[in-house]
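Take a look at the structure set out below.
Number of protein chains: 2
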Amino acid sequence: MQELIPFLKERGLRITPQRTLILQTILSLKGHPTVEEIHRQIPHISLATIYNNVKLFVSLRILKELPYGNGLSKYELTNQPNHYHILCEACGDIIDFNYPTLTQIEDVANKLTQFKINSHQMEVYGLCQSCQRKEGDD
Amino acid sequence: MQELIPFLKERGLRITPQRTLILQTILSLKGHPTVEEIHRQIPHISLATIYNNVKLFVSLRILKELPYGNGLSKYELTNQPNHYHILCEACGDIIDFNYPTLTQIEDVANKLTQFKINSHQMEVYGLCQSCQRKEGDD
DNA sequence: CTGGTTGCAAAGGCTTTGCAACAGG
DNA sequence: CCTGTTGCAAAGCCTTTGCAACCAG
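Just so you know, the sequences run in chain order A and B.
Count the first sequence with our numbering and you get residues 84 to 221, in order.
Count the second sequence with our numbering and you get residues 84 to 221, in order.
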């Protein structure tokens with residue numbers, strides 16, 4: 084958090100209470116909140132401001148956008164250890180899990196496609212425990 | 084294509100010229116078209132019909148939805164060999180590439196999270212060849 | 001002070017839906 | 001025929017934007 088102040092200032096950006104609160108809220112939610120979930124925690128900050136700042140943070144690579152929200156985007160802080168995601172197809176929940184980084188696949192992809200590789204992502208899809216139980220009830 | 088007729092009929096769904104054309108168009112486009120790209124090929128079919136049918140085909144698992152279109156969804160036919168995707172961060176293009184299926188990761192994810200696993204996906208991000216050239220020009 | 005920021009309301013862009021006319025089987 | 005389907009226009013939903021008031025530095 085503190086390390087952001089010089090980072091923003093260098094770029095002529097200001098530390099506003101809104102920006103601080105948005106980041107603190109994402110931190111406190113821990114998971115992968117949507118804009119709507121962030122706004123629910125800090126309803127006195129306008130939705131437009133949250134949208135604009137989340138977008139700004141993504142462009143500054145402070146946040147990462149996860150496009151798996153069924154139309155909505157979810158966000159996570161980038162200053163976290165590498166991990167992959169598992170998504171529940173019933174409730175939409177996203178959980179992190181650790182797995183050795185798939186470094187090889189980037190080399191292969193580069194050889195096969197001649198792309199200049201930047202990163203990769205991997206998601207596993209399934210049913211979380213509580214949705215498995217609910218399914219059993221039907 | 085032919086194998087779809089009994090598949091739809093079993094479910095009380097009809098084979099309409101629109102449905103046939105939508106699937107043929109996706110086939111002919113080969114890649115991972117958006118709804119808009121499909122509609123551009125068959126503009127005499129209403130956008131609403133294309134949306135409704137694409138959605139129907141996804142629910143029937145004839146099509147798979149790829150949520151990497153920067154807001155738009157892209158679609159691909161499911162009756163294709165397993166493969167992974169590489170995305171160009173500049174132009175948004177999606178290319179398939181082959182890599183041994185990451186079966187192990189599903190077992191690990193199951194052990195770590197207790198999810199019931201259905202599938203997984205993996206995307207590599209980078210710059211395609213033609214966007215690499217363009218970048219060099221700047 | 002002064003240019004970046006906020007927040008409201010309006011506009012945008014993609015997608016879904018209500019409904020009357022239509023048509024596959 | 002009868003129920004599923006089409007297509008228009010309208011509505012929905014999430015997100016972005018114009019702009020005046022505001023405020024961080």
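From the three backbone atoms N, C-alpha and C, an ideal C-beta is built for every residue, glycine too.
Own chain, CB closer than 7 Å to Thr-108/B, minus 5 neighbours either side, in chain order: On the second sequence, position 25 is the one that residue 108/B refers to. Counting only residues of its own chain and dropping the five nearest sequence neighbours on each side, Thr-108/B has a CB closer than 7 Å to the CB of Ile-121, Gln-124, Ile-125.
Identified DSSP bridge partners for Cys-171/B: Locating residue 171/B in the second sequence gives position 88, counting from the first residue. Answer is Gly-209/B.
Could you tell me the alpha carbon to alpha carbon distance between Cys-211/A and Thr-196/B, rounded to whole angstroms? For the purposes of this step, residue 211/A is taken as residue 128 along the first sequence, with counting starting at 1. For the purposes of this step, residue 196/B is taken as residue 113 along the second sequence, with counting starting at 1. Straight-line measurement puts the Cα of Thr-196/B at about 8 Å from the Cα of Cys-211/A.
Am I right that Leu-146/B and Thr-161/B are in contact with their C-beta atoms under 8 Å? What's the rounded C-beta distance? Taking the second sequence and counting its residues from 1, one reaches residue 146/B at position 63. Taking the second sequence and counting its residues from 1, one reaches residue 161/B at position 78. Rounded to whole angstroms, the Cβ separation of Leu-146/B and Thr-161/B is 6 Å, and the two are in contact under 8 Å.
Against Thr-196/B, what residues of chain A qualify as contacts under a CB-to-CB distance less than 7 Å, listed in chain order? On the second sequence, position 113 is the one that residue 196/B refers to. The contacting residues are Ile-169, Ile-178, Phe-180.
Please determine, among Leu-143/A, Tyr-182/A, Asn-165/A, the residue with the shortest C-alpha to C-alpha distance to Gly-95/A. Along the first sequence, one-based indexing puts residue 95/A at 12. Ranking Leu-143/A, Tyr-182/A, Asn-165/A by Cα distance to Gly-95/A puts Leu-143/A first.
Skipping 5 residues on each side, what residues in its chain have a beta carbon closer than 8 Å to that of Ser-156/B? Start at 1 with the first residue of the second sequence, and residue 156/B comes out as number 73. Counting only Cβ-Cβ distances below 8 Å, and skipping sequence neighbours, we find Thr-117, Val-118, Glu-148, Leu-149, Pro-150.
CB contact flag (Glu-172/B, Gly-209/B, <8 Å): Taking the first residue of the second sequence as position 1, residue 172/B is located at position 89. Taking the first residue of the second sequence as position 1, residue 209/B is located at position 126. Taking 8 Å as the cut-off, the Cβ atoms of Glu-172/B and Gly-209/B count as close.
Expressed to the nearest angstrom, what Euclidean distance is found between the alpha-carbon atoms of Lys-92/B and Gln-101/B? Walking along the second sequence from the start, residue 92/B turns up at place 9. Walking along the second sequence from the start, residue 101/B turns up at place 18. Taking the straight line from one Cα to the other gives about 16 Å.
With 8 Å as the threshold, decide whether the Cβ of Ala-192/A is near any Cβ in chain B. Position 109 of the first sequence, counting from 1, holds the residue named residue 192/A. Residue-level contact check: Ala-192/A touches chain B, since one or more beta carbons of chain B fall below 8 Å from its beta carbon.
Whole angstroms is fine: what's the gap from Pro-164/B's alpha carbon to Asn-181/B's? Along the second sequence, one-based indexing puts residue 164/B at 81. Along the second sequence, one-based indexing puts residue 181/B at 98. One C-alpha to the other measures close to 9 Å.
Looking at the structure shown, is Pro-89/A part of a helix, part of a strand, or coil, going by DSSP? The sequence position of residue 89/A within the first sequence is 6, counting from 1. Reduced to three states, the DSSP call for Pro-89/A is helix.
Check each residue of the region 149 to 161 of chain B: if its Cβ is closer than 7 Å to any Cβ of chain A, include it; give the result in chain order. Taken in chain order, the members of the region 149 to 161 of chain B whose beta-carbon sits within less than 7 Å of a beta-carbon on chain A are Pro-150, Tyr-151.
How big is the Cα-Cα spacing for Leu-139/B and Leu-104/B? Sequence index remark: in the second sequence, residue 139/B carries index 56 (1-based). Sequence index remark: in the second sequence, residue 104/B carries index 21 (1-based). For the pair Leu-139/B and Leu-104/B, the Cα-to-Cα distance works out to about 15 Å.
Can the beta-carbon of Asp-179/A be found closer than 8 Å to that of His-168/A? Residue mapping note: residue 179/A aligns to position 96 of the first sequence, counting from 1. Residue mapping note: residue 168/A aligns to position 85 of the first sequence, counting from 1. Yes; because the gap between Cβ atoms is below 8 Å, this pair is in contact.
Would you list, in sequence order, the uninterrupted alpha helix (DSSP H) runs of no fewer than 4 residues that lie entirely inside the region 121 to 198 of chain A? As far as the region 121 to 198 of chain A is concerned, its whole alpha helix (DSSP H) runs of at least 4 residues are 130 to 142, 186 to 196.
Neighbour flag for Val-118/A against chain B, beta carbons, 8 Å: As a first step, residue 118/A is located in the first sequence; it is residue number 35 there, counting from the start. At a cut-off of 8 Å between C-beta atoms, Val-118/A does not count as an interface residue with respect to chain B.
Measure how close the beta-carbons of Val-207/A and His-203/B come, nearest whole angstrom, since I'm counting them as under 8 Å. Counting from one through the first sequence, the residue named residue 207/A turns up at place 124. Counting from one through the second sequence, the residue named residue 203/B turns up at place 120. So it is a contact: roughly 4 Å between Cβ atoms.
For Met-205/B, the nearest candidate out of Arg-97/B, Thr-184/B, Met-84/B (CA to CA): Sequence index remark: in the second sequence, residue 205/B carries index 122 (1-based). Minimum Cα distance to Met-205/B is reached at Thr-184/B.
Might you give, ordered along the chain, the residues of its own chain that have their beta carbon closer than 6 Å to the beta carbon of Leu-130/A, omitting 5 neighbours on each side? Here residue 130/A refers to the residue found at position 47 when the first sequence is read from its first residue. Closer than 6 Å at Cβ, skipping near neighbours: His-122.
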